[in-house]
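These notes are about the structure you will find just below.
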Amino acid sequence: MTRAPDILCIGSVLWDVIGRSASVMRQGSDVPGRITRLPGGVAMNIAMAAARFGLTPALLTAIGRDAEGDELIAACDSLGMLTGLVYRSDDLPTDVYMAVEGANGLIAAIADAHSLEEAGDKILRPLMDGTLGSAASPYPGRIALDGNLTRQLLETIAVSPAFAAADLRVAPASPGKAERLRPFLTHSRAMLYVNIEEAGLLCHAEFTEAAEAAEAMIRKGAARVAVTDGGRSAAEAGPDGVIAGTPPEVLVTRVTGAGDTFMAAHIAAEAEGADREQALARALEAAARYVSGDTPL
Numbered sequence: 001m002t003r004a005p006d007i008l009c010i011g012s013v014l015w016d017v018i019g020r021s022a023s024v025m026r027q028g029s030d031v032p033g034r035i036t037r038l039p040g041g042v043a044m045n046i047a048m049a050a051a052r053f054g055l056t057p058a059l060l061t062a063i064g065r066d067a068e069g070d071e072l073i074a075a076c077d078s079l080g081m082l083t084g085l086v087y088r089s090d091d092l093p094t095d096v097y098m099a100v101e102g103a104n105g106l107i108a109a110i111a112d113a114h115s116l117e118e119a120g121d122k123i124l125r126p127l128m129d130g131t132l133g134s135a136a137s138p139y140p141g142r143i144a145l146d147g148n149l150t151r152q153l154l155e156t157i158a159v160s161p162a163f164a165a166a167d168l169r170v171a172p173a174s175p176g177k178a179e180r181l182r183p184f185l186t187h188s189r190a191m192l193y194v195n196i197e198e199a200g201l202l203c204h205a206e207f208t209e210a211a212e213a214a215e216a217m218i219r220k221g222a223a224r225v226a227v228t229d230g231g232r233s234a235a236e237a238g239p240d241g242v243i244a245g246t247p248p249e250v251l252v253t254r255v256t257g258a259g260d261t262f263m264a265a266h267i268a269a270e271a272e273g274a275d276r277e278q279a280l281a282r283a284l285e286a287a288a289r290y291v292s293g294d295t296p297l
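Residues in the sequence shown are numbered from 1 upward in steps of one, following UniProt numbering.
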């Protein structure tokens, strides 16, 4: 790498195949719409948003040495990501995510991140071998970590001395993978970004407001958390208490990637010196612009 990264984005980088329709959909719906293929994955979405907000992200992930992988690497490079540390596998295919969205939100999705899971700790070598850091000299910068990694690898990262100096920002890939983040619920250097459903899964409770969920996560031992609840509210909590905000009202045209945009905007705002209220407000505004379609994909 000729440039130094401002943030490491660790996790899924794949192709998003998304079908979107302006119609309200239910199980079995067959409606007209548009199907797109774009670079995606939680780590990729965070990196793309971070680049839009002025940061220089480096990717730590697994991408196949197939045609789809070569095309994906080229797309990442063109979007301002650093890809020199990506683990390229000769025998693992490039991962893919497929989703269907209607006017009433996400209808269904399947994430095929098997190559990332099989690559395991190979994607972390730059943080272990001295390229970026090591156990003896841990990487001291920002790291965005996504829950598409295996539970075993996330547990390893949570206790690894190679991550002991990092500013860890952690997000689940989906509610179905929220439980994988449990090792970070009591981590002293981690901030968790979750939606209200994921907060409930981690706390084994049901919440009606984001602030209530954030408070509960702090009581469970979390150092810092941000909890979102779609277009209704969001809250950020830490040692200095809980603050809450409401996103601007917009016409929703897409939902996949909104949480990742919120997280990246919040990290970028704090990197620029914004206080808690400013950072939360900027993250909510960025997520609202994204779901409205005003932010480029």
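A virtual CB, placed ideally from N, CA and C, is assigned to each residue, including glycine.
8 Å Cβ cutoff met for Thr25 and Val31: Locating residue 25 in the sequence shown gives position 25, counting from the first residue. Locating residue 31 in the sequence shown gives position 31, counting from the first residue. Per the sequence shown, the amino acid found at residue 25 is Met instead of Thr. Using a Cβ distance threshold of 8 Å, Met25 and Val31 count as a contacting pair.
What three-state label does DSSP hand Thr256 in the structure shown? Taking the first residue of the sequence shown as position 1, residue 256 is located at position 256. Note: Thr256 maps to coil in three-state DSSP.
Taking 8 Å as the threshold (C-beta atoms), are Thr56 and Arg3 in contact? Translated into positions along the sequence shown, residue 3 becomes position 3. Translated into positions along the sequence shown, residue 56 becomes position 56. Here Arg3 is near Thr56, since their CB atoms are less than 8 Å apart.
Span of the alpha helix (DSSP H) holding Asn45? Position 45 of the sequence shown, counted from the start, is the residue given in the question as residue 45. First-last of the alpha helix (DSSP H) with Asn45: Val42 to Arg52.
Taking the straight line between their C-alpha atoms, what separation do you get for residue 332 and Ala223? The requested residue 332 is not part of the displayed model; the chain covers only 1 to 297.
Taking only the alpha-carbon atoms, compute the straight-line gap between Val96 and Cys203 and give it to the nearest angstrom. By one-based count along the sequence shown, residue 96 stands at place 96. By one-based count along the sequence shown, residue 203 stands at place 203. Answer to the nearest angstrom: the Cα atoms are 30 Å apart.
How should Ile46 be labelled, buried or exposed, when 16 other C-beta atoms within 10 angstroms of its C-beta is the threshold for buried? Locating residue 46 in the sequence shown gives position 46, where the first residue counts as 1. Ile46 is buried by the Cβ-count criterion.
Who are the Cβ neighbours of Arg268 in its own chain at under 7 Å, not counting the five residues just before and after it? For the purposes of this step, residue 268 is taken as the residue at position 268 of the sequence shown. The sequence shown places Ala at residue 268, not Arg. Excluding sequence neighbours, Ala268 sits near Ala50, Phe53, Gly54 and Leu55.
If distances are taken between C-alpha atoms only, which option among Val227, Pro93, Asp275 and Leu116 comes closest to Ala258? Locating residue 258 in the sequence shown gives position 258, counting from the first residue. The shortest C-alpha separation from Ala258 is found at Val227.
List, from N- to C-terminal side, the alpha helix (DSSP H) runs of 4 residues or more that fit wholly inside the stretch 209–248. Segments of the alpha helix (DSSP H) lying fully in the stretch 209–248: 210–219.
Verify whether the separation of the beta carbon atoms of Asp129 and Pro93 is less than 8 Å. Counting from one through the sequence shown, the residue named residue 129 turns up at place 129. Counting from one through the sequence shown, the residue named residue 93 turns up at place 93. No. Outside cutoff.
When the Cα atoms are used, what is the spatial distance from Thr256 to Ser292? The residue given as residue 256 occupies position 256 in the sequence shown. The residue given as residue 292 occupies position 292 in the sequence shown. Using only the alpha carbons, I get a separation of about 12 Å.
Restricting to Cα atoms, I'd like to know which of His266, Ile7, Leu72 and Val100 is closest to Ser23. As a first step, residue 23 must be located in the sequence shown, where it is residue number 23. Cα-wise, what sits closest to Ser23 is Val100.
Count the other C-beta atoms from every protein chain shown that fall within 10 angstroms of the C-beta of Ala165, then say buried if there are 16 or more, exposed otherwise. One-based indexing of the sequence shown puts residue 165 at position 165. Exposed, since its Cβ has fewer than 16 Cβ neighbours within 10 Å.
Compare the beta carbon distance of Val225 and Ala234 with 8 Å and say whether it is the shorter of the two. Here residue 225 corresponds to residue number 225 of the sequence shown, with the count starting at 1. Here residue 234 corresponds to residue number 234 of the sequence shown, with the count starting at 1. Contact: no.
Quick check on Ala109: does DSSP put it in helix, strand or coil? The count along the sequence shown starts at 1 and reaches residue 109 at position 109. If DSSP states are grouped into helix, strand and coil, Ala109 belongs with the strands.
To the nearest angstrom, report how far apart Arg182 and Gly231 are at their CA atoms. If you number the sequence shown from 1, residue 182 lands on position 182. If you number the sequence shown from 1, residue 231 lands on position 231. Going by the C-alpha atoms only, they are around 26 Å apart.
Pull up the DSSP beta-bridge partners for Pro183, would you. The sequence position of residue 183 within the sequence shown is 183, counting from 1. Answer is none; Pro183 lacks a bridge partner.
CB contact flag (Ala286, Ala265, <8 Å): Here residue 286 corresponds to residue number 286 of the sequence shown, with the count starting at 1. Here residue 265 corresponds to residue number 265 of the sequence shown, with the count starting at 1. Taking 8 Å as the Cβ cut-off, Ala286 and Ala265 qualify as a contacting pair.
Kindly confirm or deny that the stretch 83–92 and the stretch 171–187 touch, where touching means at least three C-beta pairs closer than 8 Å. Not touching, per the Cβ criterion.
Are residue 307 and Leu59 closer than 8 Å when you measure CB to CB? The chain is shown from 1 up to 297; residue 307 falls before or after that span and cannot be answered.
Pull up the DSSP beta-bridge partners for Ile10, would you. The count along the sequence shown starts at 1 and reaches residue 10 at position 10. According to the DSSP secondary-structure assignment, Ile10 is paired through a beta bridge with Leu60 and Leu145.
Mapping the DSSP letters down to three states, classify Thr19 as helix, strand or coil. Start at 1 with the first residue of the sequence shown, and residue 19 comes out as number 19. Note on residue identity: the sequence assigns Gly, not Thr, to residue 19. Correct three-state label for Gly19: strand.
If you run the structure through DSSP and keep just helix, strand and coil, what is Val170? In the sequence shown, counting from the first residue as 1, residue 170 sits at position 170. When secondary structure is reduced to three states using DSSP, Val170 falls in the strand class.
Would the beta-carbon of Pro239 fall within 8 Å of that of Ala288? Taking the sequence shown and counting its residues from 1, one reaches residue 239 at position 239. Taking the sequence shown and counting its residues from 1, one reaches residue 288 at position 288. In this structure, Ala288 does not lie closer than 8 Å to Pro239 by Cβ.
Thr83 in three-state terms, based on DSSP: To locate residue 83, count along the sequence shown from 1; it is residue 83. Thr83: coil per DSSP, three-state reduction.
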